[in-house]
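From first to last, the protein sequence lines are chains D and A.
The first sequence begins at 9 in the working numbering and counts up one residue at a time.
The second sequence begins at 131 in the working numbering and counts up one residue at a time.
Cβ coordinates follow ideal geometry from the N, Cα and C atoms, glycine included.
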Amino acid sequence: MALVLVADDDADIRDLVTFKLEGLGEEVIAAEDGEAALAAIRERHPALVILDIAMPGLSGIDVCRMIRADPAIAQTPVLLLTARVQEQDVERGFAVGADDYVTKPFSPRELVSRVQTLLSRARA
Amino acid sequence: MNLRARRPRKGSGTIGRLLGRAFGGLVGLVLLMGVVGLVAAVAASVAVSQPMRETLRAQAATAEVRSLIGNGQMGLNSYLLSGDETYRDSYESARRAYPAAMAQLRSVAVDQTRALVADLNAEAAQWWALADRQIAGMPGARPPAPARWARQAQLVRAQSATRALDQALSARIGRLNHRNDVLNTIALIVVAVTTVGAVLFGLWIGRSATRRITTPLAQVLETADRLRRGEHDARVPRAGAPAEIEAVAAAVNANADEADTERRMFDNFHEHSAAIRQHLSRGDALAAAARGLGDLLDADHVVIRLAPDQDRPAAAEVWSAEGAPGDTTALAEAPVDWARLRPGKAVIRDLEGASAGAGSVVEVTFGEGQEAVGRLTVVKRQGRDPWRPYEEHLVSMLAADLARALTQAKLFEQAHELVARSQEVDAAKTEFLYTVSHELRTPLTSVSGYLEVLVDQDAGPLNPTQERMLGVIEHNVGRLRLLIEDLLLVSRIEAGRFAVDEETLDLTAMLNAAYAAIQPAAQQAGVTMTCEIDESITMPGDQDHLNRAIRNVFSNAVKFTPSGGTVSVAAHVDGPCAVIVVRDTGIGIPADDLPKLFSRFFRAANATRRALPGTGLGLSIVSAVVQRHGGTVAVDSEEDAGTTVTIRLPLTAVAHNAGTPERQAGAHEYSQ
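Here it is as C-alpha cells:
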C-alpha cells in the first residue's frame, strides 16, 4: 500500500483517479490546486504525485519544479496529466524533472498501470 | 562708311539709320557726279570756247580787210581802163571802209597774230598809197604801165600777208579744236570713273546693309525653326544686330524661355500629380498636394480645406514656403459654407488684409460630382509675378488629382478596415474553435474515464443490456473524441500553430495498422477491402499527423462506399516518392464540388443528401498534413462510380516553412 497524491482542479477527475487507485488498495490524497498539493506533499511525503498541468495558481509544472527544489521531497516520483494540445507542456514537464506523463482524455486503466510502474520502480 | 563699319558692333544702330546712311551715301555720289560734270563743262568753256570765238572774229575781220582791198583793186583797175566814174565810186567806198575794218582786225588780234596783222597793215597801207596816187591823176593822166605793175606787185605782197594771217588763225582754230577734244575725253573719263566708283560703292553699301539685316534675321528664323522642331534650348545669339532685329530676337528668346518654364512646370506637374495619386492615405495625399503645389508654383502658402463627412470633421492642411511672410490662420480657419460650394474651375482673386501677406490667390473647389469635398487655395504675396494662365489650369488639374486621391484613399481605408475586421473575425473564430474544442475535452475526459470504469465493471457487475448500452456510449464517445481532435488540429492549422515532428517512420507498418484498424468498420458496412502495400517503406515525418491523415482517407473511402462495394489500398515507391492510392467504388463526388473539396467544413452535395455523418474536416486535414510533408493529394472522382485518392509523399526530408497552409494553396490537385 502506498500513499498517492492527486492534484487536479476538476473534482470529477480527482474522484475518478481516487476511485480507481483506492480500488487497487492505494491510499489517495486529493488536492484541488497547486498550493494545497505542495502543502500536503511536504506534510505527508506521498510515494507518488499525480499533477494536472493546467491548474489555476501554481501549475503542475510549477509544483513539480518546487518538489525537485525541496531536498526533503525531491525524490518523489511525479506523473503529469496534460491536455493533448499542449505538446510543449510535456517537454517542459520533463525539463523540470517529471517522471512520466499521460495525456487527457486518458484511460484510467492506462493511468493506473503507469502509476504502478512508477511505484514499483521507486520501491526497487 | 569705313571698313570698320562692316564688323558687327554691339548696338550698331537701327535698320532705319543703316538704310539712311546707305541712301545718304548714294545721294552724295550723285551730287559728286553732277559737280564733276559741271567742272568739266566750265573748264572746257574757259580753255576752248573763248579763244575760239576771238579767233573766229579775227578770221572774219581778216576776210573783210582782204575783201575791201580786192574791191579797191577791182574798182581802180576798171576805172583806169574805162574811165567810168561808177568804178571810181566803188574804189572810193572801199577806201573809206578800209580803216574801220583794219581797226576792227587790230582790235581782235591776239598775241601770236599781232605781228602778222601789223605786217598786213604795212603792206596794205603801201598798196593804198600807190592806188591813191594813180587815181589822183585821173581822169586825164592814166598812170604808166610800170606804176601799174608796181601797184600790182604791192597787192600781191598785201594778199600774201593776208594769207599768212589767215593760215595762222586757221592753225589756231585747229589747235583749239584739238584741245576741245582732249578736254571732252578727260571729262568722259572722269565721269566714267566716278560712275564706276558710284556703282561699286552702291553695290558695297547695299551688300553691307543687306548682310547686317539678313544675317541676324536668318538667325532669328533658324532659331524659331529649331524651336518649332523641339530643340527647346535653341536661342538667338545676341551680337550686334540692328536694334529692331535685336528686339525681335529678344522676343523670340523670351518666348522660348517662357515655353521652357511652362514645359518644366508641366513636367513637374506630372511628377506631383503621380505622387499625389499614388498615396493611399488621406493625410499623405493632402501633404503631397500642398507641398507639390507650393513647389510647382513657387507659392508662399498653400491651404487645403476639407469638408466634413460622416466619418471625419472638417480638416485643413497648410504648407508655407520657408520664411514666407504672413500667416494662414484666416484661410485655414474661416468658416466655409460647404453646402453652397460647388466644384469648379480655379479663379484668381486678390487677397485682402494681412492674414497671409496681402497678395493674390488662385482658389478652386474640388469634389465628387456636384458635391464639394474640399477647397484649395494657393497664395502668392503682393509684388510677386502674377499668375500665368496655365498655372490656374495646373491648380485645377492638381485639385482634380487630389479629389481622386482622396476618394481612392477613402475606398482604400474602408477596404483596409474591412480586411482588418474580417481578419479579426477570422482570428476570433479560430480562437473560438480552439477554445471550444479544448473545453470539450475536459468533460470528455470525465465521460470516457468513468465509462471505462463502468465497462471494466470496477463499479460493480453489469447485465448484458447495460453492457450493450455502454457499448453504444463508448462508440459515440470515440467519435466525439475524433471529432474534437480534428477540430483542434484544424484550429491549430488555421492559427499557424501547426508543427510536424520530424522522425523516420515506418510507413508500411503505419499503413498496415491503419488498414487493420478500419477492417471492423468495413466488415460492418459490407465493404470488401484489399491491400497491396510494399515492404519497408520509410520516410521522415510526423507519426501522429500522418496517421491521422491516412486514417481519415481510409475511413472516408469506407464511409462513402455503399454495402457490396470495394475499397482497395495500395502503396509503393515511385522514384523519390511514396505513393499511397486508395480507390473505392463509392458514391463519388459531384464535378461541381471537386474544387471545394479541400476547404474545411465542406461536404459534397451527395454526402449531405444521403445524410452520411461527417464534419467536412477530413480532407482539409489530409491536405494540410500532406503539404507539410512536402507531398501532394490528388482526388480523381466520378459521381456514382467511385473515388480514387492518391497521396504522394517525398521519401527524403524537405525543408518545411512555417507558413500557414493557405500560402501553399495549389499543392493539391483534383481531376475527374
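Under 8 Å between C-beta atoms of residue i and residue j
i: D/D108; j: D/L89; result: no
i: A/A152; j: A/G336; result: yes
i: A/A191; j: A/A245; result: no
i: A/G424; j: A/V433; result: no
i: D/P113; j: A/R611; result: yes
i: A/S729; j: A/S750; result: yes
i: D/V104; j: D/R76; result: yes
i: A/L724; j: A/V765; result: yes
i: D/L87; j: D/V110; result: yes
i: A/L779; j: A/C707; result: yes
i: D/I58; j: D/V12; result: yes
i: A/G267; j: A/P276; result: no
i: A/L506; j: A/L426; result: no
i: A/T344; j: A/V166; result: no
i: A/K475; j: A/S403; result: no
Cβ of residue i within 8 Å of any chain A Cβ
i: D/I21; result: yes
i: D/D60; result: no
i: D/D107; result: no
i: D/F27; result: yes
i: D/D18; result: yes
Interface residues of chain D facing residue i [CB-CB closer than 8 Å]
i: A/E582; result: S115, P116 and R117
i: A/T560; result: By Cβ distance, chain D contributes nothing, its closest Cβ being about 13 Å from A/T560, past 8 Å.
Closer than 7 Å at the beta carbon, the chain A residues around residue i
i: D/V31; result: Strictly speaking, residue 31 of chain D in this sequence is Gly, with Val absent from that position. Correct list: D588.
Identified DSSP bridge partners for residue i
i: A/R511; result: A/G489
i: A/F496; result: A/G504
i: A/D636; result: A/T668
i: A/D480; result: A/S490
i: A/S450; result: A/H431
i: A/I772; result: It should be noted that the sequence gives Gly, not Ile, for residue 772 of chain A. Partner(s): A/E768.
i: A/R518; result: DSSP, once it has assigned bridges, lists no residue as partnering A/R518.
i: D/R131; result: BP columns for D/R131 are empty, so no partner.
i: D/V180; result: The displayed coordinates of chain D run from 9 to 132. Any statement about residue 180 of chain D would go beyond what the structure contains.
i: D/I37; result: D/L13
Any C-beta of chain D under 8 Å from that of residue i
i: A/R611; result: yes
i: A/G579; result: yes
i: A/T782; result: no
Within chain D, the residues that residue i reaches when beta carbons sit closer than 9 Å
i: A/L574; result: K112 and P113
Whole-angstrom distance between residue j and residue i, CA atom to CA atom
i: A/V683; j: A/V755; result: 12 Å
i: A/E392; j: A/N398; result: 10 Å
i: A/L351; j: A/H362; result: 15 Å
i: A/N123; j: A/A188; result: The requested residue 123 of chain A does not occur in the structure, where chain A is confined to residues 131 to 802.
i: A/T595; j: A/H605; result: 15 Å
i: A/A651; j: A/G772; result: 19 Å
i: A/N314; j: A/A174; result: 8 Å
i: A/W257; j: A/V176; result: 40 Å
i: A/W279; j: A/R218; result: 19 Å
i: A/A639; j: A/M669; result: 12 Å
i: A/P269; j: A/G202; result: 17 Å
i: A/S578; j: A/V607; result: 7 Å
i: A/R341; j: A/E522; result: 45 Å
i: A/E769; j: A/A721; result: 7 Å
i: A/L250; j: A/P181; result: 22 Å
i: D/D20; j: D/T26; result: 10 Å
i: A/G489; j: A/F542; result: 38 Å
i: A/A803; j: A/Q408; result: No answer is possible for residue 803 of chain A: it lies beyond the span of chain A, which begins at 131 and ends at 802.
Interface partners of residue i on chain A, CB under 8 Å
i: D/L24; result: S576, G579, Y580 and V583
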